[in-house]
Amino acid sequence: MPTSPPADSAAVAATRPLAGRDFLKELDFTAAELSSLISLAAQLKADKREHTEVQRLRRRNVALIFEKTSTRTRCAFEVATYDQGGHVTYIDPTSSQFGHKESVADTAKVLSRFYDAIEFRGHGQQTVETLALNADVPVYNGLTDEWHPTQMLADFLTMSEAREVAAGEASGSAADGTAWADLSYCYLGDARSNMGNSLLVMGAILGADVRIAAPRELWPNAEVQAAAHRRAEESGARITLTEDPATALAGAQFVHTDVWVSLGEPASVWAERVELLRGYRVDAAMLALTDRPDTAFLHCLPSFHDTNTAVAKQVAELTGLDDGIEVSSEVFASSANLAFDQAENRLHTIKAVLVATIGDRSG
Ligand code: CP
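For the sequence shown, the positions run 9 to 371 when our numbering is used.
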């Protein structure tokens, strides 16, 4: 029996320009499009809490290709799809022909015959771009070396919620193009890869005050910086790249960091990386440089904030950082830490991407 599509809420209707689109990197989108996804995520989060969620992914199947490990991204795609009435297939690095016996292009063509969308996490951005070029269905970037766009939606939803709580406002202002103009945040650490690139560019598109503090050799590359400056000219964003944490932190509402050695890098780089980044570690003294009592801390996770993982233990033995590496145990355990709200928001924001791009719509 055919069923009528559910009526569109205002938040769903605002994402209409995203129907059928890929989600590969932030630079592919306007500020209004990204803001509409964050607003839809806020709506879907409230709907789930109130048990009023409308299922828009019934009869939808999503392929999840993971060349690298994941907890949050995989679980968010799976639970988001299930919540919305759809199904997923998880494809791990060893259980398909992908990239070994079958080309990325051929895989895209095959999966397009089975699925309504394809998520990919892996190494080079080129792979997800090739998938998208050859697929007939939307392709989503679940993290590449260069970009982490679904993480950005969660980070901006989390910062938006924290600002609304601080201001005592009702939620739902994120789709307003002016909502980000007075947002300031700082990223401390290795800024050359996905998190540094994405935080720089996302803030530039949305018109925020973005500060990056890192040793110069760990700044985003010249192409990423140029793209950020171009988008900042359109949006009015303010961009600061500096080697001086105090300059970057002054007045910042939010402080982000990430692990100092990325997924896939060899353990041999730890000693050199720690020496480069020791002066950018987020501890209580570093947070105090914002000179604000309400500064909050964000981390995309996983984090080395104690010695309860084998890697963190090894690095602690190597470097003496036994109370957290990129962030101190004290900051991580404090009320300033929003990382678990941020982790939960991966679910709601990834659900927004799915609903916007492949969800049932009225009319
Ligand atoms: N933040 C993030 O992408 O987490 P996972 O690696 O667990 O997916």
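The beta-carbon is built from N, C-alpha and C at its ideal position, and this holds for glycine as well.
Under 8 Å by Cβ, that's how I've got residue i and residue j pegged, so tell me the actual separation to the nearest angstrom.
i, j, result
"G150", "E172", "Not really, about 28 Å apart at Cβ, beyond 8 Å."
"E61", "D91", "6 Å"
"V277", "V269", "6 Å"
"A125", "P146", "5 Å"
"L297", "L346", "The pair is not a contact, with the Cβ atoms about 18 Å apart (cut-off 8 Å)."
"L45", "L161", "6 Å"
"K109", "N142", "The pair is not a contact, with the Cβ atoms about 17 Å apart (cut-off 8 Å)."
"D266", "G332", "At roughly 13 Å, the Cβ-Cβ gap does not stay under 8 Å, so D266 and G332 are not in contact."
"V218", "L207", "7 Å"
"L72", "T97", "7 Å"
"M203", "C308", "6 Å"
Can you tell me whether DSSP reads residue i as helix, strand or coil?
i, result
"T158", "helix"
"R24", "helix"
"V323", "helix"
"T298", "coil"
"L72", "strand"
"T365", "helix"
"N229", "coil"
"R246", "strand"
"D314", "coil"
"T38", "coil"
"R239", "helix"
"H356", "helix"
"L189", "Contrary to the premise, residue 189 reads as Ala rather than Leu in this sequence. A189 falls in the coil class under three-state DSSP."
"S168", "helix"
"R57", "helix"
"L65", "coil"
"R224", "helix"
"D16", "coil"
"W278", "helix"
"S47", "helix"
"G180", "Residue placement at G180 is flagged as unreliable, the pLDDT there being 43, under the threshold of 50; a coordinate-derived value is accordingly withheld."
"D252", "coil"
"S270", "coil"
"S370", "coil"
"A442", "Shown here, the chain extends from 9 to 371; a query on residue 442 therefore has no answer."
"S206", "helix"
List the residues that DSSP assigns as beta-bridge partners of residue i.
i, result
"C194", "R219 and V263"
"V335", "V290"
"S330", "The question names Ser, yet the displayed sequence has Asp at residue 330. In DSSP, D330 forms a bridge with G332."
"F305", "V263 and N345"
"T79", "Looking at the DSSP assignment, T79 forms no beta bridge with any residue, so it has no partner."
"F31", "Y148"
Problem - Below 5 Å from a heavy atom of the ligand CP - residues by beta-carbon - result: S78, T79, R80, T81 and C308
Handout entry: Those runs of the alpha helix (DSSP H) which lie wholly inside the segment 91 to 160 and span at least 4 residues
Key = 112 to 122 and 133 to 142
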